[in-house]
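Per the UniProt record's numbering, the very first residue in the sequence shown carries number 1; after that it's consecutive.
Structure, as structure tokens:
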Amino acid sequence: MKIHLATNKQLECIVKHDSDCSPSLLREVVEEMLNRNLFDSMINRCFQMVFGSIKRMNEVHSMELADFLQIGRTSVFEALEMFKPGKEKAFFSFAFLVIKQKFIKCIKFLEREKRDQRNEVREFETEEGLNILDLMPSYINIEKYVIKKLTLENLLNKLTKRQRQIVDLFLQDYNFEEIAEILGSKGKGKSLNKTYNDAIKKMRKGA
Numbered sequence: 001m002k003i004h005l006a007t008n009k010q011l012e013c014i015v016k017h018d019s020d021c022s023p024s025l026l027r028e029v030v031e032e033m034l035n036r037n038l039f040d041s042m043i044n045r046c047f048q049m050v051f052g053s054i055k056r057m058n059e060v061h062s063m064e065l066a067d068f069l070q071i072g073r074t075s076v077f078e079a080l081e082m083f084k085p086g087k088e089k090a091f092f093s094f095a096f097l098v099i100k101q102k103f104i105k106c107i108k109f110l111e112r113e114k115r116d117q118r119n120e121v122r123e124f125e126t127e128e129g130l131n132i133l134d135l136m137p138s139y140i141n142i143e144k145y146v147i148k149k150l151t152l153e154n155l156l157n158k159l160t161k162r163q164r165q166i167v168d169l170f171l172q173d174y175n176f177e178e179i180a181e182i183l184g185s186k187g188k189g190k191s192l193n194k195t196y197n198d199a200i201k202k203m204r205k206g207a
């Protein structure tokens, strides 16, 4: 059978109704369907069943539908490796269950990661009665949380002009090599890294 000449309907008929399809033929059919994105509607339906609105997923976890389509397509291949012909279920139904389980694991992972991030940062009361962040030494990207607080400007004002420049650029996602080039200090990325670390220590003490 020349799979590339088969219609979409013929391919879908095989994966939906032929539970005894030979592994070699099934693999060719599945790969052709993936090339034509014929599993995307099923993946999308599975996504909606598990997650609901893609808008909500984007707002809460900053993930797009395209991310889950890729996860779903990869899961189709995983299902292909696990599928045993001759069972009551055809491949399509089996793949749907595999994708659904993968999405459920994914949402659990995202929720756990979100909880872990929240636990990395806690607020406490200063003597002045201001709520600011406890800049925990174990948390690498503490500036990502600090930047959202009104106290950030006060903390930055404690730095030297050089330290302030480096921290500001780092907050804009420049790496130290790029910062060195911007500040005209080519080849001094390691030195800027130390200056940055000194600045963060000073900010922690100020907090």
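Backbone N, C-alpha and C fix where the C-beta goes; we use that ideal spot for every residue, glycine too.
Endpoints, the alpha helix (DSSP H) within which residue i is located
i, result
"K16", "N8 to H17"
"G72", "L65 to M82"
"K158", "From DSSP, K158 is part of no alpha helix (DSSP H); its letter is neither H nor E."
"A180", "F176 to I182"
Residue i, buried or exposed, once every other Cβ within 10 Å from all chains shown has been counted against 16
i, result
"G184", "exposed"
"residue 226", "Nothing in the structure corresponds to residue 226, since the chain is present only between 1 and 207."
"T195", "buried"
"L156", "buried"
"M49", "exposed"
"S22", "exposed"
"F170", "buried"
"F109", "exposed"
Whole-Å CB distance - residue i paired with residue j, under 8 Å assumed
i, j, result
"L97", "R27", "Contact doesn't hold; Cβ gap of about 19 Å is too wide."
"I54", "G72", "Rounded, the Cβ-Cβ distance is 13 Å, inconsistent with contact."
Test: residue i CB closer than 8 Å to a CB of chain D
i, result
"F77", "You won't find chain D in this structure, because it holds only one protein chain."
Length of the line joining the Cα atoms of residue i and residue j
i, j, result
"P137", "E178", "Reliability of the predicted coordinates at P137 is poor, the pLDDT of 39 falling under 50, and the value obtained from them is presented with this limitation in mind. So the alpha carbons of these two residues sit roughly 25 Å apart."
"D18", "Y174", "54 Å"
"I142", "S24", "With a pLDDT of 45 at I142, under the threshold of 50, the modelled position of that residue is not reliable, and the figure given next carries that caveat. Answer to the nearest angstrom: the Cα atoms are 52 Å apart."
"F103", "A66", "13 Å"
"I14", "F68", "25 Å"
"E111", "Q101", "15 Å"
"D20", "E31", "18 Å"
For the region 33-57, list the alpha helix (DSSP H) runs that are entirely contained and at least 4 residues long, ordered along the chain.
For the region 33-57, whole alpha helix (DSSP H) runs of length 4 or above, ordered along the chain, are 40-51.
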